[in-house]
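There are 2 protein chains.
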Amino acid sequence: MENKTQYAILGILSIASGSGYDIKKYCDTVISNIWNENFGHIYPVLNAMLREGLIDRKDDNVATRKKEYAITDKGKEVFLNWLVEPTQYKPVRSEFMLKFLFSSNLPKEGIIKVLNDYKKRHELKLEEFRKMEKYINQEKKEILPEREIYLGATLRYGILSSEAVIMWCDEVIHTFESLTS
Amino acid sequence: MENKTQYAILGILSIASGSGYDIKKYCDTVISNIWNENFGHIYPVLNAMLREGLIDRKDDNVATRKKEYAITDKGKEVFLNWLVEPTQYKPVRSEFMLKFLFSSNLPKEGIIKVLNDYKKRHELKLEEFRKMEKYINQEKKEILPEREIYLGATLRYGILSSEAVIMWCDEVIHTFESLTS
DNA sequence: CCTATCATGTAATCCGTTACATGATTCA
DNA sequence: TGAATCATGTAACGGATTACATGATAGG
């Protein structure tokens, strides 16, 4: 299966050096719609990557205890190799859809409620994407002009996906409502 | 995180009794767009569920070595409890989008090719969904009239999602093409 | 002063994947 | 006869999550 976390870390460090904490923050804010990481995974992987020479330590900030990692040439090579390799797609597992599929014995009103919640959830996501759009437009430092297009596109991806889900919810809610009436 | 496989199994067995092999087949055909399972997981889980009394064995078919499992009352209860529980959403991890995000140093033509492949991939998926629609319309035995709407809806979900991805590809390809020219 | 955020780590657990192993039956 | 499908399992591995543990600093 191969540890994907190291590639995420290499990618993030290839944009800017930083600490494990920074990496986590980047995941939680900028790319939360496409990727996530946990501290419990980041730190051990970071140390393993250090041992393998994929990254190295810049002069750590003594005041804040912060460790600054930077990508090495070897790291860049490994990263590039992964980048041009064809993507491995893992099969889908949507717990929401699994539940929905087997809901035929539940009261229709309950299902409609669940669908409305799901819809709202994605409407909130949409809002967040707008906020993120604002965020990346303000934070000049991160957004080199050639990188802006990529970040913008991942955001568009989130927006279009969410809109599709909302459309689906509307459709199905409508179907169920015409059934009960 | 809790083993989701058992719920998938309970759901599938609640529609019709069957073997591990049947369960796998159901995943690979009917619900492949929302769920998947491996044999290496199904069989051990099946035995654990048997021990816990969530399922039991019908008279096995000696001729084919096939073991028939059926959901028990306890299994139904456990299943229902899960069904009405709020869904736990796991954070996204899209390797494709991660790669795309960090592709700014790759040649634009290469990226466009990757996007076209991704698009084609989802166009093929769309086709498959149509085929599945046909399949569920023909296989009367599985599709009780009240279940048809749920199966149809999961298919619609796949269709709308794929279309959204295809739209996204078109958008981004267009952006990149106007950049290079 | 106290809460939130910054900051780094370890340990336990486990779910799921992959590889390995076996053998019957069906159909071309 | 040989390939594809039916059919059931075990073992190893590992990636990721969760819980646990600690402590500094900044701001209200």
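Those protein sequences? They're chains D and H, same order as listed.
The first sequence runs 1 to 181 under this note's numbering.
The second sequence runs 1 to 181 under this note's numbering.
Note that beta-carbon positions come from the ideal geometry of N, C-alpha and C, so glycine has one too.
I'd like the span of the beta strand (DSSP E) that includes residue i, first residue to last.
i	result
A8 of chain H	Segment 5-15 is the alpha helix (DSSP H) holding A8 of chain H; no beta strand (DSSP E) there.
A63 of chain H	No beta strand (DSSP E) holds A63 of chain H; DSSP gives it neither H nor E.
I42 of chain D	I42 of chain D -> not in any beta strand (DSSP E); alpha helix (DSSP H) instead, spanning 39-51.
D227 of chain H	The structure shown does not extend to residue 227 of chain H, since chain H is modelled only from 1 to 181, so the question has no answer here.
D56 of chain H	55-57
Span of the alpha helix (DSSP H) holding residue i?
i	result
K25 of chain D	20-29
L144 of chain H	Per DSSP, L144 of chain H belongs to no alpha helix (DSSP H) and is neither H nor E.
K90 of chain D	Counting along the chain, K90 of chain D falls outside any alpha helix (DSSP H), and DSSP gives it neither H nor E.
E95 of chain D	95-101
Taking its Cβ as the centre, do 16 or more other Cβ atoms sit within 10 Å of residue i, making it buried, or is it exposed?
i	result
D63 of chain H	A quick correction: the sequence has Ala, not Asp, at residue 63 of chain H. A63 of chain H is exposed by the Cβ-count criterion.
L160 of chain D	buried
Y89 of chain H	exposed
K58 of chain D	exposed
L179 of chain H	exposed
N33 of chain D	buried
E85 of chain H	exposed
A164 of chain D	buried
S124 of chain D	According to the sequence displayed, residue 124 of chain D carries Leu and not Ser. Under this definition L124 of chain D is an exposed residue.
L101 of chain H	buried
L144 of chain H	exposed
Starting from the Cα of residue i, find the closest Cα among the options and give me that residue.
i	options	result
V172 of chain D	D:Y118, D:K4, D:I15, D:G152	D:Y118
L83 of chain D	H:E95, H:N38, H:T87	H:E95
E2 of chain H	H:C27, H:V45, H:I23, H:L13	H:V45
S162 of chain H	H:L144, H:I55, H:H122	H:H122
F176 of chain D	D:K113, D:N33, D:L124	D:K113
G158 of chain H	H:I31, H:K24, H:Q6	H:I31
Y7 of chain D	D:I42, D:K25, D:N33	D:I42
I111 of chain D	H:V78, H:S14, H:I149, H:R51	H:I149
E68 of chain H	H:F102, H:N33, H:L13, H:R51	H:L13
E146 of chain D	H:F129, H:L106, H:N116	H:L106
W168 of chain H	D:V165, D:A153, D:M167, D:A70	D:A153
H174 of chain D	D:E133, D:L155, D:L151, D:K108	D:K108
N81 of chain H	H:A164, H:G11, H:I166	H:G11
M97 of chain H	D:I15, D:M132, D:L151	D:L151
T5 of chain H	H:I23, H:S17, H:S103, H:L144	H:I23
M49 of chain D	D:Y26, D:N116, D:K25, D:K76	D:K76
K120 of chain D	D:R51, D:D170, D:I9	D:D170
S103 of chain D	H:N47, H:F79, H:L115	H:F79
P91 of chain H	D:N47, D:I15, D:C27	D:C27
E37 of chain H	H:N116, H:L115, H:I9, H:K74	H:I9
G18 of chain D	D:A70, D:R51, D:N47	D:A70
Please look up how many angstroms separate the CB atoms of residue i and residue j, rounded, as I've assumed it's under 8 Å.
i	j	result
T29 of chain D	I55 of chain D	Not a contact, Cβ separation roughly 21 Å.
F39 of chain H	G53 of chain H	Their Cβ separation, rounded to whole angstroms, is 23 Å, which puts F39 of chain H and G53 of chain H out of contact at 8 Å.
T87 of chain D	K99 of chain H	6 Å
W35 of chain H	R93 of chain D	6 Å
L155 of chain D	E127 of chain D	Not a contact, Cβ separation roughly 12 Å.
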